[in-house]
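Peer 1: First residue of the sequence shown: 49, per the numbering used here; consecutive thereafter. Cβ atoms here follow ideal geometry from the backbone N, Cα and C, with glycine treated the same way. From a predicted model like this one, the values you see are computed outputs, not experimental measurements. Sharing a structure, written as structure tokens. Questions coming.
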Amino acid sequence: MEEEEILEQKIQELDEDLKNLYNKIREGKIPEERRDKESTYKSFSILKVSRIREIQMNKLIMNKKIAKAKLKYSREEIPEAVFHRFLEKYMEELIDLEVELEFLEAEKYE
49 MEEEEILEQK
59 IQELDEDLKN
69 LYNKIREGKI
79 PEERRDKEST
89 YKSFSILKVS
99 RIREIQMNKL
109 IMNKKIAKAK
119 LKYSREEIPE
129 AVFHRFLEKY
139 MEELIDLEVE
149 LEFLEAEKYE
């Protein structure tokens, strides 16, 4: 499979993940990986749970932006310098989200 096809497929997968997470948030469902820890999850602040889901959604959005930037760069629609500037900005935002998510997740079990 060509790099462009792989990137387009990744973008579609991220879109699907984003839609699924958005629907879970709207329906108020507890994520699958948390069902066994429902009592811990319930005791955790609703605001923090909302923030965790928001961060998860933003991470998906950032990954989608990175994949789109890679696709545009591979098609030579944007210059290398612009691509690297986008990539640097998106990666910084992604790292910030990861750090905040780890902090919130760690707080749950204290």
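Taking one C-beta from the segment 94–113 and one from the segment 49–64 each time, how about it: are there three or more such pairs within less than 8 Å?
Peer 2: Contact between the segment 94–113 and the segment 49–64 is present, because at least three Cβ pairs lie under 8 Å.
Peer 1: Between Lys107 and the rest of its own chain, which residues show a CB-CB distance below 6 Å, the 5 nearest in sequence each way excluded?
Peer 2: For the purposes of this step, residue 107 is taken as the residue at position 59 of the sequence shown. Here the set comprises Leu145.
Peer 1: With a threshold of 7 Å on Cβ separation, who are the neighbours of Lys120 within its own chain once the five nearest residues in sequence on each side are excluded?
Peer 2: The residue labelled residue 120 in the question sits at position 72 within the sequence shown. Closer than 7 Å at Cβ, skipping near neighbours: Ile126.
Peer 1: Along the alpha helix (DSSP H) that carries Ile59, what are the first and last residues, could you check?
Peer 2: Residue mapping note: residue 59 aligns to position 11 of the sequence shown, counting from 1. Ile59 -> alpha helix (DSSP H) spans 51–75.
Peer 1: According to the neighbour-count rule (16 or more other Cβ atoms, all chains shown, within 10 Å of its Cβ), is Lys67 buried or exposed?
Peer 2: In the sequence shown, residue 67 corresponds to position 19, counting from 1. It is exposed - the Cβ of Lys67 has fewer than 16 other Cβ atoms within 10 Å.
Peer 1: Return yes when at least one heavy atom of the ligand NAD lies under 7 Å from the C-beta of Leu119, else no.
Peer 2: The ligand NAD is not part of the structure shown, which contains no ligands of any sort.
Peer 1: Excluding the 5 residues preceding and the 5 following Ile100 in the sequence, name in chain order all residues of the same chain whose CB lies nearer than 8 Å to its CB.
Peer 2: Within the sequence shown, residue 100 is the residue found at index 52, counting from 1. Around Ile100: Leu149, Leu152, Glu153.
Peer 1: Buried or exposed: which applies to Val130, given that a residue is buried once 16 or more other Cβ atoms fall within 10 Å of its Cβ?
Peer 2: Reading the sequence shown from its first residue, position 82 is the one you call residue 130. Classification of Val130: exposed, given that the 10 Å Cβ count is below 16.
Peer 1: Excluding sequence positions up to five away, which residues of its chain have a Cβ less than 8 Å from the Cβ of Met139?
Peer 2: Locating residue 139 in the sequence shown gives position 91, counting from the first residue. Within the same chain, Met139 has close Cβ partners Ile114.
Peer 1: By Cβ distance below 7 Å, which residues in the same chain neighbour Phe134 in space, the five residues on each side in sequence not counted?
Peer 2: For the purposes of this step, residue 134 is identified with residue 86 of the sequence shown, where counting begins at 1. Same-chain partners within the cutoff: Ala117.
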